[in-house]
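Q: In the numbering used here, the protein residues as written are 5 to 201. Every residue gets a Cβ at the ideal spot worked out from N, C-alpha and C, and that includes glycine. This structure is in structure tokens; I'll ask about it shortly.
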Amino acid sequence: MKTVTIVLGEHHETIIGDVIGVDFGAYVCARDGVAMTLACGDFDSVTTVQFKEIELHCSHIHKLNPIKDETDFKYAYSLCDDYDIIRVLGGLGRRKDHEFINIMTAMKDSRIELYDGLNKIKRYGSGSHIVDKLNYKYFSVVVLKQGYITLKGFKYPLTRREIFPFDDYLTSNEMIHDKGEIILEDASVLVIQACDS
Numbered sequence: 005m006k007t008v009t010i011v012l013g014e015h016h017e018t019i020i021g022d023v024i025g026v027d028f029g030a031y032v033c034a035r036d037g038v039a040m041t042l043a044c045g046d047f048d049s050v051t052t053v054q055f056k057e058i059e060l061h062c063s064h065i066h067k068l069n070p071i072k073d074e075t076d077f078k079y080a081y082s083l084c085d086d087y088d089i090i091r092v093l094g095g096l097g098r099r100k101d102h103e104f105i106n107i108m109t110a111m112k113d114s115r116i117e118l119y120d121g122l123n124k125i126k127r128y129g130s131g132s133h134i135v136d137k138l139n140y141k142y143f144s145v146v147v148l149k150q151g152y153i154t155l156k157g158f159k160y161p162l163t164r165r166e167i168f169p170f171d172d173y174l175t176s177n178e179m180i181h182d183k184g185e186i187i188l189e190d191a192s193v194l195v196i197q198a199c200d201s
């Protein structure tokens with residue numbers, strides 16, 4: 005599967021596949037010696053010295069007009085049509101307006117995986133999905149589209165339970181083993197895997 009990692013800011017996650025550095029995230033990549041496929045943004049979050057560092061580490065830079073109708077992340081995302089997996093690092097936990105847009109984008113596209121040090125957020129549609137526990141203790145489900153859910157390998161299993169948007173009982177479940185199975189019938193959900201520290 006073809007993977008791209010979009011770096012929006014500071015992070016502690018692994019870089020996989022091609023890399024797009026976005027605004028301050030491009031500086032983070034340059035500072036850490038991570039090769040970028042391209043860097044983009046209006047670069048209002050970096051100093052002149054930091055931008056020169058980006059230029060030294062990336063030959064393809066898309067400098068955007070700061071007066072625009074989309075966030076720098078949305079621009080970077082628009083370049084990802086050819087990728088199967090879009091990992092987004094540094095897009096959670098900072099400005100709430102940008103964080104919310106990042107989550108809303110993930111709600112629409114199951115290729116997106118949002119990460120920060122304590123969370124992974126990903127959309128799942130109808131079908132059977134094996135989910136790796138990784139280092140996350142908690143497994144929460146936000147219902148996007150009404151349907152049925154089955155959870156296997158969880159502390160609180162469910163069997164063909166009808167789910168509705170705004171259901172709030174699907175939080176803080178836990179996987180029993182290294183993997184769990186989520187089966188969705190005519191439903192879509194946002195899964196938040198989380199840990200305390």
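#1: Below 8 Å on the Cβ atoms is my contact criterion, and I expect Ile116 with Lys126 to pass it. Report the Cβ-Cβ distance as a whole number of Å.
#2: Under DSSP, the beta strand (DSSP E) around Asn106 begins and ends at which residues?
#3: Would the beta-carbon of Gly129 fall within 8 Å of that of Leu194?
#4: If we ignore side chains and look at the alpha-carbon of each, how far apart do Leu83 and Ile90 end up?
#5: Helix, strand or coil for Gln202, going by three-state DSSP, please let me know.
#6: Take Thr109 and list the residues in its own chain whose beta-carbon comes closer than 8 Å to its own, dropping the five residues that flank it on each side.
#7: On a Cα-Cα basis, can you pick out the residue from Leu42, Leu68 and Asp73 that is closest to Leu60?
#8: Less than 8 Å between the C-beta atoms of Ile196 and Val146, yes or no?
#9: Excluding five sequence neighbours on each side, which residues of the same chain lie with their C-beta closer than 6 Å to the C-beta of Thr7?
#10: Counting C-beta neighbours from all protein chains within 10 Å, is the total for Thr9 16 or more, i.e. buried, or is it exposed?
#11: Between Pro161 and Ala191, what straight-line distance do the alpha-carbon atoms span, to the nearest angstrom?
#12: I need the DSSP call for Glu17, collapsed to helix, strand or coil.
#13: Round the Cβ separation of Val53 and Val38 to the nearest angstrom and send it over; I've been treating them as touching at under 8 Å.
#14: Distance, Cα to Cα, Thr175 vs Ser63?
#15: So, helix, strand or coil for Tyr152, using DSSP?
#16: Helix, strand or coil for Val32, going by three-state DSSP, please let me know.
#17: Let's see if you can read the secondary structure: which residues bound the alpha helix (DSSP H) around Tyr79?
#18: Identify whether His181 lies in helix, strand or coil by the three-state DSSP scheme.
A: Reading off the structure:
#1: In the sequence shown, counting from the first residue as 1, residue 116 sits at position 112. In the sequence shown, counting from the first residue as 1, residue 126 sits at position 122. Right, the Cβ-Cβ distance comes to about 7 Å (below 8 Å), so this counts as a contact.
#2: The residue labelled residue 106 in the question sits at position 102 within the sequence shown. Note, Asn106: premise wrong, no beta strand (DSSP E); alpha helix (DSSP H) at Lys100 to Lys112.
#3: Position 125 of the sequence shown, counted from the start, is the residue given in the question as residue 129. Position 190 of the sequence shown, counted from the start, is the residue given in the question as residue 194. Leu194 sits away from Gly129, with the two beta carbons spaced by 8 Å or more.
#4: Sequence index remark: in the sequence shown, residue 83 carries index 79 (1-based). Sequence index remark: in the sequence shown, residue 90 carries index 86 (1-based). If you take the alpha carbons of Leu83 and Ile90, they lie about 11 Å apart.
#5: What the structure shows of the chain is the stretch from 5 to 201, and residue 202 is not part of that stretch, so it cannot be assessed.
#6: Numbered from 1 along the sequence shown, position 105 holds the residue referred to as residue 109. Cβ neighbours of Thr109 beyond the five flanking positions: Phe77, Lys78, Tyr81 and Ile116.
#7: Position 56 of the sequence shown, counting from 1, holds the residue named residue 60. It is Leu42 whose Cα lies nearest to the Cα of Leu60.
#8: Here residue 196 corresponds to residue number 192 of the sequence shown, with the count starting at 1. Here residue 146 corresponds to residue number 142 of the sequence shown, with the count starting at 1. Yes, Cβ-Cβ distance for Ile196 and Val146 is below 8 Å.
#9: Looking up residue 7 in the sequence shown gives position 3. Within the same chain, Thr7 has close Cβ partners Ile20, Gly21 and Ile89.
#10: Along the sequence shown, read from residue 1 onward, the residue named residue 9 stands at position 5. Per the 10 Å Cβ criterion, buried.
#11: Position 157 of the sequence shown holds residue 161. Position 187 of the sequence shown holds residue 191. Spanning the two alpha carbons is a distance of roughly 17 Å.
#12: Stepping through the sequence shown from its first residue, residue 17 is reached at position 13. Correct three-state label for Glu17: coil.
#13: For the purposes of this step, residue 53 is taken as residue 49 along the sequence shown, with counting starting at 1. For the purposes of this step, residue 38 is taken as residue 34 along the sequence shown, with counting starting at 1. That pair is no contact at about 18 Å.
#14: Along the sequence shown, one-based indexing puts residue 175 at 171. Along the sequence shown, one-based indexing puts residue 63 at 59. Taking the straight line from one Cα to the other gives about 44 Å.
#15: As a position in the sequence shown, residue 152 is number 148, starting the count at 1. DSSP places Tyr152 within a strand segment (E or B) once states are collapsed to three.
#16: The residue you call residue 32 lines up with position 28 of the sequence shown. Here Val32 sits in helix by DSSP.
#17: Here residue 79 refers to the residue found at position 75 when the sequence shown is read from its first residue. Unbroken alpha helix (DSSP H) run through Tyr79: Asp76 to Ser82.
#18: Working through the sequence shown from its first residue, we reach residue 181 at position 177. DSSP places His181 in coil when its eight states are reduced to three.
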